[in-house]
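**Q** Please find one structure pasted underneath; my questions will follow.
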Amino acid sequence: MNRFHLAILLSPVVFSAFAIAASCSANSDDDPLKPGTGRYYQPKDGGDPDAEAVIPEGGSFDVQRPDIEMPKEITTVSQAVQVLLTSYDLEVKEAEFGKTHGNGPPIKAYAGDLIQDVKNSRGRLRGLIAAKDVTPTRTGMTDRMKFESQASISHLSNIFPAMFNSVFVNRRIDAANALLRAIDSQLAPVMEEDDDFKKELTTVRAELERRLERAETVRAGQAAGTADGMFPTPEDPIPPQAPQAPQRPQEPSAPEEEPPAADAGP
Numbered sequence: 030m031n032r033f034h035l036a037i038l039l040s041p042v043v044f045s046a047f048a049i050a051a052s053c054s055a056n057s058d059d060d061p062l063k064p065g066t067g068r069y070y071q072p073k074d075g076g077d078p079d080a081e082a083v084i085p086e087g088g089s090f091d092v093q094r095p096d097i098e099m100p101k102e103i104t105t106v107s108q109a110v111q112v113l114l115t116s117y118d119l120e121v122k123e124a125e126f127g128k129t130h131g132n133g134p135p136i137k138a139y140a141g142d143l144i145q146d147v148k149n150s151r152g153r154l155r156g157l158i159a160a161k162d163v164t165p166t167r168t169g170m171t172d173r174m175k176f177e178s179q180a181s182i183s184h185l186s187n188i189f190p191a192m193f194n195s196v197f198v199n200r201r202i203d204a205a206n207a208l209l210r211a212i213d214s215q216l217a218p219v220m221e222e223d224d225d226f227k228k229e230l231t232t233v234r235a236e237l238e239r240r241l242e243r244a245e246t247v248r249a250g251q252a253a254g255t256a257d258g259m260f261p262t263p264e265d266p267i268p269p270q271a272p273q274a275p276q277r278p279q280e281p282s283a284p285e286e287e288p289p290a291a292d293a294g295p
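Take any residue in the sequence shown, count from 1 to its spot, add 29: that is its number in the working numbering.
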């Protein structure tokens with residue numbers, strides 16, 4: 030390779046070196062560096078590091094912009110009722126799975142009660158939807174609920190049988206808490222605009238809280254090693270009876286003597 034070709038190859042490198050040197054010379058050694066970066070302050074960094082920061086009205090600066098409200102995912106009644114219907118359908122499906130594969134009569138009884146309770150709630154909601162002539166509409170939230178439910182069933186299908194009851198009940202608790210959060214943040218602002226749907230949502234929430242309390246009781250019973258917490262203590266328990274003194278065996282009575290036979294006459 031001759032000198033001419035070598036000069037052509039080195040010229041971009043030399044030009045880049047001069048450009049870097051020129052950019053660095055724009056800042057003097059007396060200019061402050063940004064902490065932890067090794068760079069000089071630039072206009073895009075806010076100018077002079079000693080300048081006062083602009084604090085918005087309110088006394089604090091939050092880059093998350095709390096004044097900007099995040100858009101709601103549920104915006105119509107038709108979307109809100111579909112969330113409830115989807116939650117009911119999935120809960121019945123998972124409860125039926127738990128009733129089939131649960132270990133022991135207590136957990137099977139709990140799943141059976143759950144199925145009946147949810148079916149009653151679903152039937153009442155469907156009646157209201159028909160009366161109001163509302164067409165339920167699916168959303169991304171309902172799709173996520175279906176995915177989570179299927180993932181839960183798949184997980185339950187692949188764990189040790191001894192772990193089934195606890196994982197099943199934990200899933201019921203997590204699903205109930207998630208639906209409660211959705212009701213408060215997404216469904217209530219929409220359904221409360223109609224008096225009938227507002228009343229129904231109040232009933233739905235109360236029923237959901239009772240089911241959550243029941244599931245937590247079952248979990249506590251499992252942890253304590255009792256009958257899965259299925260049977261609550263009655264309000265007026267039967268008082269224990271005082272132990273009775275053992276009865277002494279009765280001695281057999283002596284046989285009665287027969288009277289002597291009368292003498293026969295001559």
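Note that beta-carbon positions come from the ideal geometry of N, C-alpha and C, so glycine has one too.
1. In chain order, which alpha helix (DSSP H) runs of at least 4 residues are fully inside the region 163-233?
2. Got a sec, what are the start and stop residues for the alpha helix (DSSP H) T129 sits in?
3. P134 lies in the alpha helix (DSSP H); which residues open and close that run?
4. Using a Cβ-Cβ cutoff of less than 7 Å, which residues in the same chain neighbour S181 once the five nearest sequence positions on both sides are dropped?
5. Using DSSP with H/G/I as helix, E/B as strand and the rest coil, what is G254?
6. How long is the line joining the alpha carbons of R210 and L216, rounded to whole angstroms?
7. Go ahead and pull the three-state DSSP assignment for E236.
8. Three Cβ pairs or more, each shorter than 8 Å: is that satisfied between the region 114-123 and the region 222-229?
9. By a C-beta neighbour count over all protein chains shown, 10 Å radius and 16 as the cutoff for buried, is M192 buried or exposed?
10. Could you tell me how far apart the beta carbons of S107 and P165 are, in whole angstroms, since I believe they sit closer than 8 Å?
11. Select from K148, G169, N149 and P134 the residue whose C-alpha is nearest the C-alpha of A109.
12. The ligand COA and E102: does any heavy atom of the ligand fall closer than 7 Å to the residue's C-beta?
13. CA-CA distance, L208 and S178?
14. Between which residues of its own chain and L143 is the CB-CB distance below 6 Å, once the five residues before and five after are set aside?
15. Let me check understanding here. Comparing Cα to Cα, which of A160, N187, Q251 and L237 lies closest to A25?
**A** Judging by the given coordinates:
1. Taking only runs of at least 4 residues, the alpha helix (DSSP H) segments lying wholly in the region 163-233 are 169-186, 193-211 and 217-220.
2. V106 to H130
3. P134 to K161
4. E123 and R200
5. Coil, per DSSP.
6. 9 Å
7. helix
8. no
9. That one is exposed.
10. 6 Å
11. The option with the nearest alpha carbon to A109 is G169.
12. What this structure holds is no ligand at all, so the ligand COA is not there to describe.
13. Each residue's alpha carbon lies about 13 Å from the other.
14. A124
15. No information on residue 25 is available, as it lies outside the stretch 30 to 295 that the chain covers here.
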